[in-house]
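The next block holds one structure in the form of structure tokens; read it before the comments.
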Amino acid sequence: MYPTRGGVMEAADVILKNGCIHTMDAALRVVTAVAVKEGRIVYAGDDDGVRALIGPATDVIDLAGKMTLPGFIDSHMHIPEGAVLPLHEVRLPEGLPVDEYIPTIRAFAQANPGLAAIRGIGWDDSLFTSSGPSAAMLDEAVPDRPAVIRSGSLHSSWCNTKALQMAGITRDTLEPPHGIIEKDPTTGEPAGTLHESAQELVISKLPDYSVEQYVAALDHFQKTVSAPLGITTCFDARLTPKLGNAMEAFALLEREGRLNVRVRGAFLIDPLDPLEPQLAQAAATRARYQDPLFQVNAVKFFADGSGLSIFLEEPFSSLPPSFPEGYRGYPGWDPQAMAAAVVESAKLGFQLHIHAIGDAAVRISLDAIEAAEQALGRNDIRPAIIHLFLVNEQDRRRLADLNVVAVVQPVWMQRDPFYYQGYLPTLGEARCDRMFPLKSFFDRGVLVTSSTDFPIVNPPSPLDGIAIGVLRWSPGVSAPGDVWAPDERADVRQMIRSYTINGAEALFLENETGSIEIGKSADLVVLNENLFDIPAETIGFSWRGSGTAKVLMTMFQGRTVYQADEMN
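One gets the working numbering by counting positions in the sequence shown from 1 and adding 801 to each.
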């Protein structure tokens, strides 16, 4: 029970006592004290039992009744892309009017004359229903060097003339499969917006950030994002060969003892490139990055896109006139080719991470996973499907039967302006009413993990996700009675588990983190309020003033990596 060396009981390095500590273990124990030795939990019980571990050098923290949870796990992020934003790229804030895009980008470009290209994120796809923003618009802000601003969904890119020229995109450039190069209807010249795979024509030509720039960005991410939000483990969902310097930055931070978050990642498999060389490169990447804190053990597939490129079983309800009648999107892969690629990936021991938004995309993803499990003769490979906006009833059952991890983004489960401007007109009310299943997943025994898709959601606060998962509406954004699919509301405990032990199990880390148990890493988060005792309306969004719950302290491997003033 107690740590000993040579039969002699040793004092703990850190003790947290007098708390309300929800362990999230199988018994859902609530204890008052935790002791930490050399980064590991050595005791979880009552205050009386922990006294024997107090030594002269023990740091004893009186929690004064505060709620303590296992460190949060975000199961789907894009860390390098999000990390570089504050230091090296321009972000167009959510809700920024279109007429303020150009002044915002121009100001950033003028303030950063040393950047070889101007990059950014955040323009709102839903404000450009027939065609995207033009190169001429962006030329007003950045006339002298390439500029590429990705939409908030990351599925479209707005390019200036210099960027189009750099990529060699002309009126004669052929669109890649599943990609769209918007053209001027009069001249036929590229208009400035690229969708889906066409983005890579430009993005692949942009200079990568250096390892040093990524190190600075990742360090900033830890100090300002992950640690203050209580995130101690995360999954990076799209590591490509182009992000080699970012992967080196993760590894460098770990070697130097400066990585304060555990990262697992997926190597992207592109349907346009031959499979075998990509799997060989994925295997080499996996072998290279197997440090305790940074590993690339999964492969990523896109079963469909986003917006109007998701793959539906029935046609869209309403579309711009340029789309063909009966259009229902398209799969990211030929279904048979994807199934074959998924089977080969599983045989090589990769975990499967599949993006699927539309119900038809979810169906072909499950077909591919089923083929992989049949080929292996087992169903313990923990494949994950991400997003799951629309899932038909039969496939909700298949998720459980195939032991598929459902990686959801609960903060999107609210009727915000995007619902009314984007989802409702294109998908129709009947489909919208069954979007974003949540409680039905829990009820069927599906392993549900939560995420933010950072930087699409920024800040990527787990407390925000917990709140919306319980409410299905957002204080300050939705009307209190405007609840999206009330029967799909989860409870607080389910949501906490989706951000802790469920996330750990999905990543094969349940013996390392995700709950507060003896032998596990001391990954802990202390909150100012008990989430079980306060109205759900006050759990999230403290950063915008509509909630009161917040993180006071984050501990990673027994080290305090964030502490708010109120914790003193």
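All residues carry an ideal CB built from backbone N, CA and C; glycine is no exception.
Note that the structure is predicted; figures quoted are calculated from it, not measured.
Asked: Host beta strand (DSSP E) of G993 (start-end); Found: 991-997
Asked: First through last residue of the beta strand (DSSP E) which encompasses T1314; Found: Looking at the DSSP string, T1314 is not in any beta strand (DSSP E), and its letter there is neither H nor E.
Asked: Boundaries of the beta strand (DSSP E) in which V1100 is found, first to last residue; Found: 1095-1103
Asked: Range of the contiguous beta strand (DSSP E) that encloses L1060; Found: No beta strand (DSSP E) contains L1060, which DSSP labels as neither H nor E.
Asked: Residue range of the unbroken beta strand (DSSP E) whose run includes M868; Found: 868-871
Asked: C-beta atoms of Q1023 and V1062 nearer than 8 Å; Found: yes
Asked: Unbroken beta strand (DSSP E) run spanning T1361, endpoints; Found: 1360-1364
Asked: Span of the beta strand (DSSP E), counted from its first residue to its last, around V1143; Found: No beta strand (DSSP E) holds V1143; the alpha helix (DSSP H) holding it covers 1136-1148.
Asked: Exposure label - A923; buried when at least 16 CB within 10 Å; Found: The sequence as given places Gly at residue 923; Ala does not occur at that position. That one is buried.
Asked: P1075 burial status per 10 Å Cβ neighbour count (16 or more: buried); Found: exposed
Asked: Per DSSP, the bridge partner or partners of A1207; Found: I1186, V1249
Asked: DSSP bridge partner residues for F1357 (one or two, in chain order); Found: R1360
Asked: Element boundaries [beta strand (DSSP E), containing Q1152]; Found: 1152-1157
Asked: Assigned exposure category for R1298 - 16 Cβ within 10 Å defines buried; Found: buried
Asked: For V885, the first and last residue of its enclosing alpha helix (DSSP H); Found: 880-889
Asked: Option nearest D1181 by Cα separation, candidates A834, N1193, F1151; Found: F1151
Asked: Straight-line Cα distance separating W1274 from A1280; Found: 8 Å
Asked: Under 8 Å between C-beta atoms of A1337 and L1272; Found: yes
Asked: 4 or more residues per run - each alpha helix (DSSP H) lying fully within the stretch 899-946; Found: 902-912, 936-942
Asked: A1050 and V1026 closer than 8 Å at C-beta; Found: no
Asked: Secondary structure of H877, DSSP reduced to three states; Found: strand
Asked: Cβ pair M1139, F1190 closer than 8 Å; Found: no
Asked: Same chain, Cβ closer than 8 Å to D1283, five either side skipped, listed in chain order; Found: R1216, W1274
Asked: Cβ-based neighbour list, F1243, same chain, cut-off 7 Å, excluding 5 preceding and 5 following; Found: V1249, A1291, Q1295
Asked: Span of the beta strand (DSSP E) around L817; Found: 815-818
Asked: Straight-line Cα distance separating L1308 from T1034; Found: 10 Å
Asked: Distance, G1106 Cα to D1168 Cα; Found: 18 Å
Asked: Between the CA atoms of V1326 and L1332 - distance to the nearest angstrom; Found: 13 Å
Asked: Inter-residue Cα distance where the pair is A865 and G1270; Found: 28 Å
Asked: Validate contact between the stretch 1042-1061 and the stretch 1088-1102 using beta carbons, cut 8 Å, 3 pairs; Found: yes
Asked: Segment limits, beta strand (DSSP E) that includes I822; Found: 821-823
Asked: Helix, strand or coil at V861 [DSSP, three-state]; Found: strand
Asked: Residues of its chain near Y1128, where Cβ-Cβ distance is below 7 Å and the 5 sequence neighbours each way are ignored; Found: P1116, F1117, L1120
Asked: The stretch 1252-1268 / the stretch 1219-1230 touching (three or more Cβ pairs under 8 Å); Found: no
Asked: Burial state of N913 (16 or more Cβ within 10 Å); Found: exposed
Asked: Option in G1066, H1156, V832, G915 with minimal Cα separation from G820; Found: V832
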